[in-house]
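Peer 1: Numbering (our numbering), first residue to last: 13 to 295.
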Amino acid sequence: MPAPERLPAPGVTDTGEREHLLAEGELTVVGRIREASNAVLLCRVEHEGAGADCVYKPVKGERPLWDFPDGNLARREVAAYLVSEATGWGLVPPTVLRDGPYGEGMVQWWVEAAQEDGGASSPPPLLALVDGEEAEEGWKPVALAEVAEGRTALLVHADHPDLRRLSVLDAVINNGDRKGGHLLTAPDGRLYGIDHGVSFHAEDKLRTLLWGWAGEPLTDEAREVLARLAAELSEGAPLATRLAELITAAELAAVRDRVAHLLRTGTHPEPSGQWPSIPWPPV
């Protein structure tokens, strides 16, 4: 029997087709990604002659957290995807909630990150440590970091439009863990954010490396997206209905409040000072 044909990479295949394959296909576990703190399984999903690689995070493999309900991280990952799709920015790979070999979990399209080997096709870096206290053109400063023997360096991130969009998405979903390792550049150049399990808390828990635009005015595009998102989060709207199945009523109300606050202030959020603003470890 011939092997199933691989679907084209994200950005080429229709999003609906990718969701359908993830939701309806047969999952086969290939291996475990051991760097992750929770159980993360690399799988193959196949359905009606099509196949693709994906990530499966079973609820049973989630470690309890003191500030989030047990067994709820997978739903938050799906909620982040739904909000990302509502923005039209497509910053989160297709993600579904379904049953799998180890029970219910989130299943997400695998993004093969482009190799940063320094070659001509290597993607430009998104994060860097530089000497001095000022960022060069094309970079945004985040914070001073101690690197070795009392020496400090400036942590910077690229002044990239997709990173800026992602910072807005993170503010909306209250992402508590935007590490450098959660940023992926696909071979086609598209940027994706992954690992959104600790998002949507009703309290302010935004922790991110993307503070470079803090306090700056939102782009016109971001304001237009947020205005549209506010309408889609209204009571009875399809997005609000789907989110209500994944997060609590208080958390959904907090999403609405954060969108309204961003529209009212018209600026990127700044660290509150009441919560560590940068995740640990940062990468």
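Beta carbons: idealized from backbone N, C-alpha and C, even for Gly.
#1: Could you tell me the alpha carbon to alpha carbon distance between residue 147 and residue 137, rounded to whole angstroms?
#2: Can you tell me whether residue 15 is helix, strand or coil according to DSSP?
#3: Between which two residues does the beta strand (DSSP E) harbouring residue 1 extend?
#4: When the Cα of residue 190 is compared with those of 222, 203, 202, which residue comes out closest?
#5: Can you tell me which of the three DSSP states residue 69 falls into?
#6: Identify which residue in 88, 26, 241, 73 has its Cα closest to the Cα of residue 260.
#7: From the DSSP output, in three-state form, read off residue 204 for me.
#8: Would you decide whether residue 111 is buried or exposed? Buried here means 16 or more other CB atoms lie within 10 Å of its CB.
#9: Determine the direct distance from the alpha carbon of residue 212 to that of residue 265, and round the result to whole angstroms.
#10: Helix, strand or coil for residue 38? Go by DSSP, reduced to three states.
#11: Can the beta-carbon of residue 204 be found closer than 7 angstroms to that of residue 123?
#12: For residue 137, which of helix, strand or coil comes out of DSSP?
#13: Would you kindly work out how many angstroms separate the C-alpha atoms of residue 150 and residue 101, rounded to a whole number?
#14: Tell me whether residue 189 sits in a helix, a strand or coil according to DSSP, three-state version.
#15: For residue 171 and residue 154, what's the separation of their Cα atoms in angstroms?
#16: Beta carbon of residue 242, beta carbon of residue 282: below 7 angstroms?
#17: Please name the residue in 107, 134, 173, 45 whose C-alpha comes closest to that of residue 208.
#18: Any idea if residue 41 is buried or exposed, counting beta-carbon neighbours within 10 angstroms, 16 or more meaning buried?
#19: What first and last residue would you give for the alpha helix (DSSP H) that runs through residue 232?
#20: Mind checking which residues open and close the beta strand (DSSP E) that includes residue 153?
#21: Starting from the C-beta of residue 73, find all residues in its chain whose C-beta is less than 6 angstroms away, skip the five residues before and the five after it, and write them out in chain order.
#22: Going by other Cβ atoms of all chains shown within 10 Å of its Cβ, with 16 needed for buried, is residue 287 buried or exposed?
#23: In whole angstroms, give me the CA-to-CA distance for residue 32 and residue 113.
#24: Whole angstroms is fine: what's the gap from residue 237's alpha carbon to residue 161's?
#25: Which term fits residue 121, buried or exposed, when burial requires 16 or more other beta carbons within 10 angstroms of its beta carbon?
#26: Closest to residue 26 by C-alpha separation, out of 178, 54, 105, would be which residue?
Peer 2: So, to answer that:
#1: 14 angstroms
#2: Residue placement at residue 15 is flagged as unreliable, the pLDDT there being 35, under the threshold of 50; a coordinate-derived value is accordingly withheld.
#3: Nothing about residue 1 can be read from this structure; the chain reaches only from 13 to 295.
#4: 222
#5: strand
#6: 88
#7: strand
#8: exposed
#9: 10 angstroms
#10: strand
#11: yes
#12: coil
#13: 21 angstroms
#14: coil
#15: 11 angstroms
#16: no
#17: 107
#18: exposed
#19: 232-244
#20: 151-160
#21: 50, 51
#22: exposed
#23: 18 angstroms
#24: 45 angstroms
#25: buried
#26: 105
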